[in-house]
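Following: one structure in structure tokens, then a few remarks.
2 protein chains.
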Amino acid sequence: MSEPASLHSRPSRRNEIRLQNETIILRAAEKVFAEAGYGGATVQLIADMAGLPKANLLYYFASKEDLYRRVVQTIFEIWLQAAAAMDNAPGPVEGLGAYIDAKMEISRRHPDGSKVWASEVMHGAPVIQDYLETTLRDWTNGRAALIQRWVDEGKMAPVDPEHLLYMVWATTQHYADFGHQIQTLNGGKPLSNVQWQAAKTSVKSMILRGIGAI
Amino acid sequence: MSEPASLHSRPSRRNEIRLQNETIILRAAEKVFAEAGYGGATVQLIADMAGLPKANLLYYFASKEDLYRRVVQTIFEIWLQAAAAMDNAPGPVEGLGAYIDAKMEISRRHPDGSKVWASEVMHGAPVIQDYLETTLRDWTNGRAALIQRWVDEGKMAPVDPEHLLYMVWATTQHYADFGHQIQTLNGGKPLSNVQWQAAKTSVKSMILRGIGAI
DNA sequence: TCGTTTCCTGACCGTATGGTCAAGCGAAAC
DNA sequence: GTTTCGCTTGACCATACGGTCAGGAAACGA
Chain A
53 MSEPASLHSR PSRRNEIRLQ NETIILRAAE KVFAEAGYGG ATVQLIADMA
103 GLPKANLLYY FASKEDLYRR VVQTIFEIWL QAAAAMDNAP GPVEGLGAYI
153 DAKMEISRRH PDGSKVWASE VMHGAPVIQD YLETTLRDWT NGRAALIQRW
203 VDEGKMAPVD PEHLLYMVWA TTQHYADFGH QIQTLNGGKP LSNVQWQAAK
253 TSVKSMILRG IGAI
Chain B
53 MSEPASLHSR PSRRNEIRLQ NETIILRAAE KVFAEAGYGG ATVQLIADMA
103 GLPKANLLYY FASKEDLYRR VVQTIFEIWL QAAAAMDNAP GPVEGLGAYI
153 DAKMEISRRH PDGSKVWASE VMHGAPVIQD YLETTLRDWT NGRAALIQRW
203 VDEGKMAPVD PEHLLYMVWA TTQHYADFGH QIQTLNGGKP LSNVQWQAAK
253 TSVKSMILRG IGAI
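If you want it as structure tokens, here you go:
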């Protein structure tokens with residue numbers, strides 16, 4: 053109530069600082085966790101990457117684990133956004149096509165996040181186990197049912213929906229998680245725009261043909 | 053020259069002990085590195101898993117890094133064995149089919165090794181970068197040429213060989229690296245024999261159909 | 001201007017880690 | 001029987017880590 057005139061033009065300077073620093077720290081943390089893993093990452097390393105004193109990080113985030121949890125949750129939310137790409141699609145070509153596009157785009161724009169996610173799952177999902185058992189399981193069951201419907205309607209070959217989803221996840225995330233290997237096999241250079249488009253096209257056409265949708 | 057009678061029946065007791073302990077230690081190390089990552093793994097943890105005093109590990113292996121290097125190299129050799137499955141195949145159905153089978157079998161039997169490999173690559177391959185640039189690159193180029201030949205001979209659709217290989221790697225290794233996620237989505241239970249067979253069949257049929265080989 | 005709240009940070013602390021070492025042990029070689 | 005040599009291990013060490021804290025600086029409300 054004591055907030056003056058413009059509610060959005062002045063986020064009170066303090067909140068602005070807080071938000072900005074939290075963003076910087078989270079970005080640095082994502083990178084360091086991706087590069088070194090949770091155990092290999094140190095608060096000092098993240099602080100250096102963020103350009104802030106270590107004690108300042110621990111002013112904004114209670115602990116290294118807390119920071120890690122925030123990073124993982126952020127990635128999970130990005131993951132869920134792409135998940136919506138399958139909604140309201142008339143068939144597998146549109147639905148899975150859009151989903152693959154979205155996931156490839158995430159691999160390109162958030163490779164660090166993808167790596168942190170992969171690492172978290174590989175280590176037994178100590179932080180997001182409950183999400184796996186609730187949100188992810190529900191989403192997967194729902195989409196598996198949708199795919200099964202497409203099968204029943206003769207829009208694609210009778211493939212097991214879950215293994216199809218695993219293939220989509222695996223293939224798209226590979227371009228982020230194993231980006232270093234791909235880059236090495238690409239003569240040491242990152243994939244160009246053209247190469248990314250080719251990758252997208254290749255993946256989509258192989259998968260959609262693989263399920264008899266095209 | 054002073055070696056008595058039977059050269060193979062008595063590996064001189066001491067070599068036997070050495071070999072046996074090294075094996076135990078390497079097995080324990082693989083598991084701990086897979087579960088905790090390089091940074092999260094401690095020599096003490098590996099020693100406990102192996103049932104030996106910490107100082108004894110460091111008698112057989114000079115350092116934690118040395119131990120890790122040995123684990124990664126072992127995995128790379130297993131990887132290369134499966135790579136031979138594509139050799140001497142008349143076409144993609146036999147060649148890629150056998151390769152996918154072999155890689156799925158590795159995911160099932162060496163999930164820890166697969167995770168260590170994935171982790172190593174994700175962190176920029178600090179230990180096996182030279183292998184990536186030599187052995188892996190040569191192998192990949194060779195197989196890409198082979199696949200291209202199949203394409204030219206009309207045995208499969210004109211797909212980009214490298215993206216096809218990436219898809220095979222990603223999909224097969226997913227069952228090891230993301231085994232925990234798959235298990236969670238499977239009601240918390242590991243895949244049964246039947247489910248593993250179904251996974252193999254699904255992956256093979258989707259990929260082989262995806263490249264127009266069947 | 002003054003009091004209050006939030007932000008900032010160098011110095012510090014207990015702990016855990018990778019690695020060392022010296023002394024002991026036991027099987028084999030002579 | 002004695003010597004040799006690789007194996008074994010508890011104790012130890014320097015370092016680096018996550019986290020704390022006290023006290024100062026800056027921003028804010030009145």
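Protein chains in written order, with our numbering: chain A, 53 to 266; chain B, 53 to 266.
Here a beta-carbon is modelled for each residue, glycine too, at the ideal position from N, C-alpha and C.
Uninterrupted beta strand (DSSP E) stretches inside the segment 197-248 of chain A (no shorter than 3 residues)
Listed in chain order, the beta strand (DSSP E) elements of length 3 or more contained wholly in the segment 197-248 of chain A amount to none.
Once you ignore the five residues that flank B/A137 on each side, which residues in its own chain have a CB closer than 6 Å to its CB?
So the list reads A150, Y151 and A154, once near-sequence residues are dropped.
Using a Cβ-Cβ cut-off of 7 Å, state whether B/Y183 counts as contacting chain A.
Taking Cβ atoms only, chain A never reaches closer than 7 Å to B/Y183, which makes this a no.
Looking at the structure shown, is A/S64 part of a helix, part of a strand, or coil, going by DSSP?
If DSSP states are grouped into helix, strand and coil, A/S64 belongs with coil.
Contact criterion: CB-CB distance below 7 Å. Does B/S254 meet it with respect to chain A?
Yes, B/S254 lies at the interface with chain A (some Cβ there is under 7 Å from its Cβ).
So for A/I180, helix, strand or coil by DSSP?
A/I180: coil per DSSP, three-state reduction.
In whole angstroms, what is the alpha-carbon distance linking B/P56 and B/L97?
Bear in mind that a pLDDT of 34 at B/P56, under 50, signals an unreliable position, so the number given afterwards is only what the model happens to contain. Those two C-alpha atoms are separated by around 40 Å.
DSSP-derived helix/strand/coil call for A/T94:
Judged by DSSP in its simplified three-state form, A/T94 adopts coil rather than helix or strand.
Nearest-angstrom Cα separation, counted from A/G103 out to A/H226
A direct Cα-Cα distance of roughly 31 Å separates A/H226 from A/G103.
Is the shortest distance between the beta-carbon of B/V173 and the beta-carbons of chain A less than 7 Å?
It does: the Cβ of B/V173 has a partner Cβ on chain A nearer than 7 Å.
Sequence-distant residues of the same chain with beta carbon closer than 7 Å to B/G206, five excluded per side
Same-chain partners within the cutoff: there are none.
At a CB-CB cut-off below 8 Å, which residues of chain B make contact with A/Q233?
The answer, in chain order, is V173, A177, L184 and L188.
Can you tell me which of the three DSSP states A/A114 falls into?
Three-state result, A/A114: coil.
Inter-residue Cα distance where the pair is B/T253 and B/Q247:
So the two alpha carbons sit approximately 10 Å from each other.
Hey, how far is the Cα of A/A177 from the Cα of A/D100?
Cα-Cα distance, rounded: 27 Å.
Closer than 8 Å, Cβ to any Cβ of chain A: which residues of the segment 208-220 of chain B, in chain order?
Listed in chain order, the positions of the segment 208-220 of chain B with a beta carbon within less than 8 Å of a beta carbon of chain A are A209, V211, D212, E214, H215, L216, Y218 and M219.
What is the rounded straight-line gap between the Cα of A/M53 and the Cα of A/E74?
In this predicted model, A/M53 has a pLDDT of only 30, less than 50, meaning its place in the structure is not dependable enough to derive any value.
Check each residue of the segment 75-104 of chain A: if its Cβ is closer than 8 Å to any Cβ of chain B, include it; give the result in chain order.
Taking 8 Å as the upper bound on Cβ-Cβ separation, chain B lies near residues A86, E87, A88, G89, Y90, G91, G92 and A93 of the segment 75-104 of chain A.
Enumerate in chain order the residues of its own chain whose CB-to-CB distance from A/M208 is below 6 Å, with the five nearest sequence positions on each side excluded.
Only residues of its own chain outside the window of five on either side were considered, and among them P144, W202, I263, G264 and A265 have a CB closer than 6 Å to the CB of A/M208, listed in chain order.
Inspect the beta-carbon positions of A/V168 and A/V123 and report whether they are closer than 7 Å.
In this structure, A/V123 lies closer than 7 Å to A/V168 by Cβ.
Nearest candidate by alpha-carbon position, reference B/W221, set B/D182, B/A135, B/E185 and B/T186
When each option's Cα is compared against that of B/W221, the closest is B/A135.
State the start and end residues of the unbroken alpha helix (DSSP H) segment that holds A/E185.
Where A/E185 is concerned, there is no enclosing alpha helix (DSSP H), because DSSP gives it neither an H nor an E.
Which two residues bound the contiguous alpha helix (DSSP H) that contains B/P144?
First-last of the alpha helix (DSSP H) with B/P144: P144 to R161.
Buried or exposed: where does B/D118 fall if 16 or more other Cβ atoms within 10 Å of its Cβ makes it buried?
Around the beta-carbon of B/D118, fewer than 16 other beta-carbon atoms lie within 10 Å, marking it exposed.
Establish whether the CB of B/L119 and some CB of chain A are separated by less than 7 Å.
So no, B/L119 is outside the interface.
Would a check of beta-carbon distances place B/K167 closer than 7 Å to chain A?
For B/K167, the answer is yes, since a Cβ of chain A falls inside 7 Å of its Cβ.
Using a Cβ-Cβ distance under 7 Å, would B/T192 count as near chain A?
Yes, B/T192 lies at the interface with chain A (some Cβ there is under 7 Å from its Cβ).
Given A/A251, which residues of its chain have a CB within under 8 Å of its CB, disregarding the five upstream and five downstream residues?
M156, Y227 and L243.
Indicate whether the contact test is met: 3 or more Cβ pairs, each with one atom in the segment 109-117 of chain B and one in the segment 186-200 of chain A, closer than 8 Å.
The segment 109-117 of chain B, when compared against the segment 186-200 of chain A, does not touch it at the 8 Å Cβ threshold.
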